[in-house]
């Protein structure tokens, strides 16, 4: 018996032109290259130009993903944008992306799960594509996190960067087993009682202002390693595979110590881990598709290989998914 699967047919990433090194940050905040590298593994990050909105980054990544899939904007009937830094309070950034790309009338909306947004969005797209409700979906993670920074807080402002990544998801026939190409399993989680560990201290209905990012780094680290490992195990079980069967582990690029901690906890070979945090820093919802695009473009990720994606962000939210590329 054949089943419909949600297959990733194209991947694309976009980084703004401006590179901000750790040395650059020492000019605006009390920090050092050694301090940042030792605690996070970050060497540099990208910063969007003043005239760039997050939709501009999303559009660039989407164009690359569509080209890789051999599709045109006219083929797209579903757009989901995962972002914490939208262009406007409304409409959704996805609708702005739809307009800028020139896509036809279809479904377009945003997902807000902070750093976990891309995993949440991919799961949501699966609900459309694998049920035959969408034929060509764009799933985008796009962020301009540098505009949420308090540049006097060295514990947070050094961690984040800007960028966008996108995937094209289309229906494909499978046999209903783990050899199928496409999305195989998910695990999504949220715990609102941990909000104070990572949040932005502003909003439309509270302060009327955007606010700045606040984080209790040690507490976030402690929850990240344990929670992410659980979600990965659950996603693998949902897919019917073992974690050790995965060819590539593509984590949210939050902090090198978190990446290492999760990999060690689950016994994942470090050679299987795609790491971009050193060059990109934490780009929130954009980090997984950006890392995936880099590994596809440099030839590491090949068709038919099994990928494991995971993330944790403010809320707290976290999740993982398994797919065969």
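In my numbering, the protein residues as written are 47 to 371. Beta carbons are placed, not taken as given, at the ideal position from N, Cα and C, and that holds for glycine.
| request: Report all residues from its chain with a CB closer than 6 Å to the CB of residue 265; omit the five preceding and five following residues, and keep chain order. | output: Taking the chain shown and counting its residues from 1, one reaches residue 265 at position 219. For residue 265, where only same-chain residues beyond five positions count, the Cβ hits under 6 Å are 243.
| said: Quick check on residue 163 - is its C-beta less than 9 Å from some C-beta in chain C? | reply: In the structure shown, chain C does not exist; there is a single protein chain.
| request: Label residue 191 either buried or exposed according to how many other C-beta atoms from any shown protein chain fall within 10 Å of its C-beta, with 16 as the threshold for buried. | output: Here the question's residue 191 lines up with position 145 in the chain shown. Looking at its Cβ environment, which holds 16 or more other Cβ atoms inside 10 Å, residue 191 is buried.
| Among 214, 207, 139, 279, nearest to residue 311 - alpha-carbon criterion | By one-based count along the chain shown, residue 311 stands at place 265. Answer by Cα proximity: 279.
| Alpha carbon to alpha carbon, what distance is there between residue 291 and residue 67? | Taking the chain shown and counting its residues from 1, the one referred to as residue 67 is at position 21. Taking the chain shown and counting its residues from 1, the one referred to as residue 291 is at position 245. Roughly 37 Å between the two C-alpha positions.
| message | Closest to residue 301 by C-alpha separation, out of 134, 206, 51, 361, would be which residue? | response | Translated into the one-based positions of the chain shown, residue 301 becomes position 255. The shortest Cα separation from residue 301 among 134, 206, 51, 361 belongs to 206.
| request: Give me whichever residues DSSP pairs with residue 363 in a beta bridge. | output: Counted from its first residue, the chain shown places residue 363 at position 317. DSSP output for residue 363 lists 236, 359 as bridge partner(s).
| Which value, in whole angstroms, describes the spacing of the CA atoms of residue 354 and residue 320? | As a working mapping, residue 354 is identified with position 308 in the chain shown. As a working mapping, residue 320 is identified with position 274 in the chain shown. Cα to Cα, residue 354 sits roughly 10 Å from residue 320.
| query | So, using beta-carbon positions, are residue 308 and residue 368 closer together than 9 Å? | reply | Residue mapping note: residue 308 aligns to position 262 of the chain shown, counting from 1. Residue mapping note: residue 368 aligns to position 322 of the chain shown, counting from 1. It is not a contact, given that the beta carbons lie outside the stated cut-off.
| query | Can you give the beta carbon distance from residue 213 to residue 112, rounded, assuming they're within the 8 Å contact cut? | reply | Locating residue 213 in the chain shown gives position 167, counting from the first residue. Locating residue 112 in the chain shown gives position 66, counting from the first residue. Contact doesn't hold; Cβ gap of about 10 Å is too wide.
| Supposed close pair residue 304, residue 337 - CB separation, criterion 8 Å | Reading the chain shown from its first residue, position 258 is the one you call residue 304. Reading the chain shown from its first residue, position 291 is the one you call residue 337. Actually they are not in contact, since the Cβ atoms of residue 304 and residue 337 sit about 14 Å apart, beyond 8 Å.
| Beta-carbon gap between residue 277 and residue 299 smaller than 9 Å | Indexing the chain shown from 1 puts residue 277 at position 231. Indexing the chain shown from 1 puts residue 299 at position 253. Cβ distance not < 9 Å, so residue 277 and residue 299 don't count as in contact.
| Thinking C-beta only, is residue 202 closer than 9 Å to residue 263? | The residue you call residue 263 lines up with position 217 of the chain shown. The residue you call residue 202 lines up with position 156 of the chain shown. It is a contact, given that the beta carbons lie within the stated cut-off.
| request: Indicate whether the contact test is met: 3 or more Cβ pairs, each with one atom in the stretch 219-231 and one in the stretch 114-131, closer than 8 Å. | output: no
| task | For my contact list, residue 363 and residue 236 are in at a C-beta cut-off of 8 Å; report their separation, rounded to the angstrom. | result | As a first step, residue 363 must be located in the chain shown, where it is residue number 317. As a first step, residue 236 must be located in the chain shown, where it is residue number 190. With a Cβ gap of about 5 Å, residue 363 and residue 236 count as contacting.
| Could you give the C-beta distance for residue 340 and residue 59, rounded to a whole number, given that I count them as a contact under 8 Å? | Position 294 of the chain shown, counted from the start, is the residue given in the question as residue 340. Position 13 of the chain shown, counted from the start, is the residue given in the question as residue 59. The Cβ separation is near 6 Å, so the contact holds.
| Which residues in the same chain as residue 255 place their Cβ atom closer than 6 Å to its Cβ, once the five residues preceding and following it in sequence are excluded? | Here residue 255 refers to the residue found at position 209 when the chain shown is read from its first residue. For residue 255, where only same-chain residues beyond five positions count, the Cβ hits under 6 Å are 248.
| said: Can you tell me whether residue 166 is helix, strand or coil according to DSSP? | reply: Within the chain shown, the letter at position 120 stands for residue 166. Helix at residue 166.
| task | Could you please give the first and the last residue of the uninterrupted alpha helix (DSSP H) stretch that includes residue 189? | result | Within the chain shown, residue 189 is the residue found at index 143, counting from 1. It is not in any alpha helix (DSSP H) - residue 189 instead sits in the beta strand (DSSP E) that spans 183-190.
| field | Boundaries (first-last residue) of the alpha helix (DSSP H) holding residue 335 | value | Against the chain shown, residue 335 aligns to sequence position 289. It spans 333-343 - the alpha helix (DSSP H) in which residue 335 sits, taken as one unbroken run.
| message | Can you give me the C-alpha to C-alpha distance between residue 372 and residue 138, rounded to a whole angstrom? | response | The structure shown does not extend to residue 372, since the chain is modelled only from 47 through 371, so no value can be given for it.
| request: Return the bridge partner residues of residue 216 from the DSSP annotation. | output: Taking the first residue of the chain shown as position 1, residue 216 is located at position 170. Partner(s): 53.
| said: For the beta strand (DSSP E) containing residue 90, name the first residue and the last one. | reply: As a first step, residue 90 must be located in the chain shown, where it is residue number 44. 90-93 is the span of the beta strand (DSSP E), which, as asked, contains residue 90.
| task | Figure out for me which residue from 84, 123, 199, 132 has the closest Cα to the Cα of residue 171. | result | Counting from one through the chain shown, the residue named residue 171 turns up at place 125. Of 84, 123, 199, 132, the residue nearest in Cα terms is 123.
| query | When DSSP labels each residue in this structure, what does residue 65 get in the three-state scheme? | reply | As a position in the chain shown, residue 65 is number 19, starting the count at 1. In this structure, residue 65 counts as strand in the three-state DSSP scheme.
| residue 240 versus residue 268 - alpha carbon distance | Within the chain shown, residue 240 is the residue found at index 194, counting from 1. Within the chain shown, residue 268 is the residue found at index 222, counting from 1. Looking at the two C-alpha atoms, the distance is approximately 12 Å.
| message | Can you check which of these residues, 102, 245, 329, is closest to residue 145 by C-alpha distance? | response | Numbered from 1 along the chain shown, position 99 holds the residue referred to as residue 145. The shortest C-alpha separation from residue 145 is found at 102.
| query | Where DSSP assigns a beta bridge to residue 128, which residues make up the other side? | reply | Looking up residue 128 in the chain shown gives position 82. Beta-bridge pairing links residue 128 to 157, 187.
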